[in-house]
Amino acid sequence: MITKPFVCVLLAMCAAAASATAAEPSCVTVREGWVRLPPPGVTMAAGYGEIHNGCRTPVTVVAAGSKAFGDVSLHETTLVDGVGRMRAVERLPIAPGSSVALKPGGLHLMLMQPEVPLAKGGQVPLRLSLEDGRKVDAMLAVRADAPRSAVR
Numbered sequence: 009m010i011t012k013p014f015v016c017v018l019l020a021m022c023a024a025a026a027s028a029t030a031a032e033p034s035c036v037t038v039r040e041g042w043v044r045l046p047p048p049g050v051t052m053a054a055g056y057g058e059i060h061n062g063c064r065t066p067v068t069v070v071a072a073g074s075k076a077f078g079d080v081s082l083h084e085t086t087l088v089d090g091v092g093r094m095r096a097v098e099r100l101p102i103a104p105g106s107s108v109a110l111k112p113g114g115l116h117l118m119l120m121q122p123e124v125p126l127a128k129g130g131q132v133p134l135r136l137s138l139e140d141g142r143k144v145d146a147m148l149a150v151r152a153d154a155p156r157s158a159v160r
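The opening residue of the sequence shown carries number 9 in my numbering; numbering runs sequentially from there.
As structure tokens, then:
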């Protein structure tokens with residue numbers, strides 16, 4: 009009967025598709041992530057790095073979170089008439105094979121309501137939520153100064 013071989017092939021194809029889908033979140037990564045250590049008494053911090061989309065399709069970051077902070081959001085700083093202004097970024101699209109830089113004076117993560125004080129050399133867990141429901145986890149290093157790669 010043809011049914012048994014057909015079902016076996018169909019199951020194998022479904023398993024392969026499920027495996028490929030399960031591997032997809034790793035195609036979006038956060039590179040060189042870091043958080044600037046805020047001055048004593050300051051309860052907000054900023055996070056930086058590079059979000060890379062190694063997927064074959066576009067992705068859109070729609071939210072960010074961290075177990076170390078009660079509130080995390082994407083923001084962009086712009087200069088208008090010599091005055092720095094910050095606005096929330098609700099959606100951050102990233103084309104296939106492209107990266108978006110989060111750096112001082114531009115796009116960045118606002119980290120608010122810390123659960124514990126940050127310490128130089130520590131790590132901050134980060135979770136990005138993509139529009140399609142996938143999650144991307146990363147660790148951000150706590151630094152007193154920007155790494156050389158962020159100053160370019």
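Built from N, CA and C at the ideal position, the CB exists for glycine as well.
Remember, predicted model here, so these are calculated numbers, not experimental data.
Boundaries of the beta strand (DSSP E) around LYS143: 143 to 151. Along the length of the segment 52 to 118, whole alpha helix (DSSP H) runs at least 4 residues long do not occur. If you look at SER137, you'll find it in the beta strand (DSSP E) that goes 131 to 138. A distance below 8 angstroms separates the beta carbons of LEU148 and GLY55.
Residue nearest to ARG39 within the set LYS111, GLU123 and LYS128 is LYS111 (criterion: CA-CA distance).
Scanning its chain for C-beta atoms nearer than 7 angstroms, with the 5 sequence neighbours on each side dropped, one finds around PRO101 the residues PRO66 and THR68, in chain order.
For VAL50, there is no enclosing beta strand (DSSP E), since its DSSP letter is neither H nor E.
Put simply, of ALA127, ALA71, LEU87 and GLY105 the residue whose alpha carbon is nearest the alpha carbon of CYS63 is GLY105. Each residue's CA atom was taken as its position, placing PHE77 and LEU126 some 10 angstroms apart.
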